[in-house]
Amino acid sequence: MLCAACKDPLPPSAVLPTPKQKEELLELVRLPFIATASHSSQYESKIASSIEALAQYDSGIGRLRKSLADMLADREELREYLDGCRSLFSPLRRLPAEVLCQIFTPFSTSFDSGDQRYSRRPPLSEPELHPISLVCARWHDIILDTPALWSDI
């Protein structure tokens with residue numbers, strides 16, 4: 082469990098049974114035993130303190146789960162930031178626009194409208210080019226600035 086004030090781990094609850102107490106209870110459960118008044122008060126007290134201790138454990142576990150969820154969210158945010166920082170140095174960023182055009186060309190399909198007079202498509206109307214144009218502003222601009230990818234002359 083965690084300390085509510087400092088959030089440090091706490092030692093196990095004093096209510097936790099010892100091996101001897103568990104063995105005694107197991108023997109009582111196995112016997113055809115009817116609880117006496119002294120046994121009733123003793124075990125009712127143990128039941129009440131155990132219920133209270135379980136509630137404390139549940140509360141501590143809830144705080145731990147929230148802390149873990151917060152840490153995981155922070156970790157993911159940091160990982161995404163790190164990925165962004167690393168992408169600044171990606172070799173792909175250093176490729177000239179001409180090379181990227183050559184890479185994009187196979188994604189440009191031929192257009193057949195059935196009307197030979199119509200020989201131009203709107204930019205990014207190619208379903209294969211549209212997702213590529215969403216990768217980054219540079220790729221978007223390269224596709225728009227390269228009519229050979231989206232027009233027939």
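All residue numbers for the sequence shown refer to my numbering, where the first residue is 82 and numbers rise by one. No residue lacks a Cβ here, since even glycine has one placed at the ideal position from N, Cα and C.
Spell out whether any CB of chain C is found under 8 Å from the CB atom of residue i.
i	result
Ala-178	Included in the structure is just one protein chain, with no chain C present.
Judging by CA-CA distance, which residue of the options is the nearest neighbour of residue i?
i	options	result
Pro-93	Ala-178, Gln-123, Gln-137, Leu-225	Gln-137
Asp-226	Arg-146, Glu-179, Val-216	Glu-179
Tyr-124	Glu-161, Pro-98, Pro-113, Pro-228	Pro-98
What distance in whole Å lies between the Cβ atoms of residue j and residue i, which are believed to be in contact at a cut-off of 8 Å?
i	j	result
Ile-224	Leu-210	6 Å
Phe-185	Ile-213	6 Å
Leu-159	Trp-220	With a Cβ gap of about 27 Å, Leu-159 and Trp-220 do not count as contacting.
Val-96	Ser-130	5 Å
Ala-149	Ser-189	As written in the sequence, residue 149 is Leu, which differs from the Ala given in the question. Actually they do not touch by this definition, with Cβ atoms about 48 Å apart.
If I measure Cβ to Cβ from residue i and keep anything under 7 Å in the same chain, skipping five residues before and after, which residues do I get?
i	result
Arg-156	none
Who are the near neighbours of residue i in its chain, counting only those whose CB is closer than 8 Å to its CB and skipping five residues on each side?
i	result
Asp-151	none
Which runs of the alpha helix (DSSP H) spanning at least 4 residues fall entirely within the stretch 105–178, listed in chain order? If we require 4 residues or more, the alpha helix (DSSP H) runs fully inside the stretch 105–178 come out as 118–168.
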